[in-house]
Amino acid sequence: MLENDSQSQAWESGLCVTCPVPGILRANACEHMTLNAMVYRPFFIFKARIRVEAYCTKTHQKVERPHVGCGECHDLPEFFGE
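One point on numbering: in my numbering, the residue at position 81 of the sequence shown is 82, and numbering is uninterrupted.
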């Protein structure tokens, strides 16, 4: 999933501990959502982290909350209604 690009920091095995991808996939297994991950360091003094961006190939839009999805494919049950 992590691609070698000029903007991403180097991958190291310790990043797996805080990686959000397994949690996202457990919460939302939508076949239309693709994930793109990159290693970043918010500030030089902080540890590197994994940043994940999600995209819906059905609605062709960025998914702001990957754990939930874009809202197009999977409606929430009625008891979660407003």
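C-beta: ideal position from N, C-alpha, C; glycine also.
Ignore the nearest five residues each way along the sequence and tell me which others in residue i's own chain have a CB closer than 7 Å to its CB.
i: H33; result: C57, T58, K59 and C74
i: G70; result: N29, C31, M34 and V64
Give a yes or no on whether the C-beta atoms belonging to residue i and residue j are separated by under 8 Å.
i: I51; j: T19; result: yes
i: Q10; j: V40; result: yes
How many angstroms separate the CA atom of residue i from the CA atom of residue j?
i: C17; j: K48; result: 13 Å
i: E54; j: L36; result: 6 Å
i: P43; j: G24; result: 21 Å
i: G72; j: V22; result: 19 Å
i: G15; j: L26; result: 20 Å
On the criterion of 16 or more Cβ atoms from any shown chain inside 10 Å, does residue i qualify as buried, or is it exposed?
i: A28; result: exposed
i: A38; result: buried
i: P67; result: buried
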